[in-house]
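Residue numbers (our numbering): 552 to 831. Cβ coordinates follow ideal geometry from the N, Cα and C atoms, glycine included. Remember, predicted model here, so these are calculated numbers, not experimental data. These notes concern the structure reproduced below.
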Amino acid sequence: MLRGLYTAALGMLTQQTRTDVIANNLANADTNGYKRDELISSEFKSMLIHRIDDPSDARNIFDLQHIDTAREYLLHDTVAAGGPGSPAIGRLGLGSEVAEIATDRSQGPLEKTGNKLDLAIMGNGYFAISTPNGVRYTRDGNFYRSATGQLVTVNNQAVLNDQGKPIYLPPEVANVSIGTDGTITAGGQELGKIALAWFSDRNALLKQGNDLYRPQRGARPQASTASIQQGYLEKSNTNVARAMVNLIDNYRTYEADSKALTTQDSLLDKAVNDVGRING
552 MLRGLYTAAL GMLTQQTRTD VIANNLANAD TNGYKRDELI SSEFKSMLIH
602 RIDDPSDARN IFDLQHIDTA REYLLHDTVA AGGPGSPAIG RLGLGSEVAE
652 IATDRSQGPL EKTGNKLDLA IMGNGYFAIS TPNGVRYTRD GNFYRSATGQ
702 LVTVNNQAVL NDQGKPIYLP PEVANVSIGT DGTITAGGQE LGKIALAWFS
752 DRNALLKQGN DLYRPQRGAR PQASTASIQQ GYLEKSNTNV ARAMVNLIDN
802 YRTYEADSKA LTTQDSLLDK AVNDVGRING
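Structural data, given as structure tokens:
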């Protein structure tokens, strides 16, 4: 019975974490360039159970019941695992656990803004941003020209060019044109090229907040083949309707685990207080 309590509790913990992930996706449904997360769960181990001290010569439960099918359900080494006199019954699950919180990097929809400094990435790539903690990466192309002429994010962090340097836009420049390859021109003069980085390993970047990603130690960016769309912003790839359905479904699963936990607790209470009672 205690095993049943732990199994139900593990399921509840997994569903609670999944609820947090879905809620965070919904909270960022209007965040530029946000990529939704998805929790991937796995079985929290399983065990092969046996009949204890069974004098039968049968080696598994199918032999005991004279069943010749579905033997592949058991491990190939059931005899060695169970030992003499303990026919194998089958596997017993012990609940679920969080295997990974993966990020869906699929393209988000584009929204036309008409702002010359609003940029959207089409394809696989990230803008490189200078921060006090080093270079970070983002898909949010909502940029501005600072008082000093730098191209910066909404958090006043410099956007880097393909040489790893901040991009400067002279104050007298009015019509800035940014090509699909990131080349910035104004008044017939080239002002630099916006860096676009890509990481083929999906685990190379980790979310750190403020719509930024930080590279794992040792991760090196590659040249990106993505294109830039001037005057557009990439929106979040969170599907609000689907997220709400998943949230309801997750709540039902959590509720079922909660009821299983309550049932196990009631059975344990009865076993301790009623079955084990000694009448005087």
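task: State whether the segment 811-824 contacts the segment 565-585, with contact taken as three or more CB pairs (one from each stretch) at a distance under 8 Å.
output: no
- request: Indicate whether A653 and E589 have their beta-carbon atoms separated by less than 9 Å.
  value: yes
- prompt: Anyone know if the C-beta pair for N782 and G676 falls short of 9 Å?
  reply: It is worth fixing the name first, because residue 782 is Gly in this sequence and not Asn. Not closer than 9 Å, so no.
message: Considering only their Cβ atoms, is the gap separating L668 from V686 smaller than 9 Å?
response: no
message: Which residue marks the beginning of the beta strand (DSSP E) containing Y719, and which one marks its end?
response: Per DSSP, Y719 belongs to no beta strand (DSSP E) and is neither H nor E.
query: Would A811 pass as a contact of T558 if the rule is Cβ separation under 9 Å?
result: yes
task: For R836, collect the residues of the same chain with a Cβ closer than 8 Å to its Cβ; drop the 5 residues on either side in sequence, then sort them by chain order.
output: This structure gives no information on residue 836, because the portion of the chain shown stretches from 552 to 831.
message: Ignoring anything shorter than 3 residues, give me the beta strand (DSSP E) runs that lie fully in the segment 640-715, in order along the chain.
response: 647-654, 661-663, 670-673, 677-682 and 685-689
query: Hey, would you say A513 sits closer than 9 Å to A794, going by beta carbons?
result: Any property of residue 513 remains undetermined from this structure, which presents the chain solely from 552 to 831.
message: Do A679 and Y688 count as a contact pair if the criterion is CB distance below 9 Å?
response: yes
- prompt: Helix, strand or coil: how does DSSP classify T814 here?
  reply: helix
message: On the DSSP bridge list, what partners appear for A774?
response: A748
query: Nearest to A746 by alpha carbon, out of G739, V727 and Q773?
result: Q773
message: Considering only the alpha carbon of each residue, which of N576, L763, S778 and G674 lies closest to P683?
response: L763
task: Report yes if the C-beta distance between G854 and I779 is below 9 Å; otherwise report no.
output: Coverage of the chain is limited to positions 552 through 831, which leaves residue 854 absent and any answer about it impossible.
message: Could you tell me the alpha carbon to alpha carbon distance between I672 and R690, rounded to whole angstroms?
response: 7 Å
field: Span separating the alpha-carbon of N707 from that of V727
entry: 19 Å
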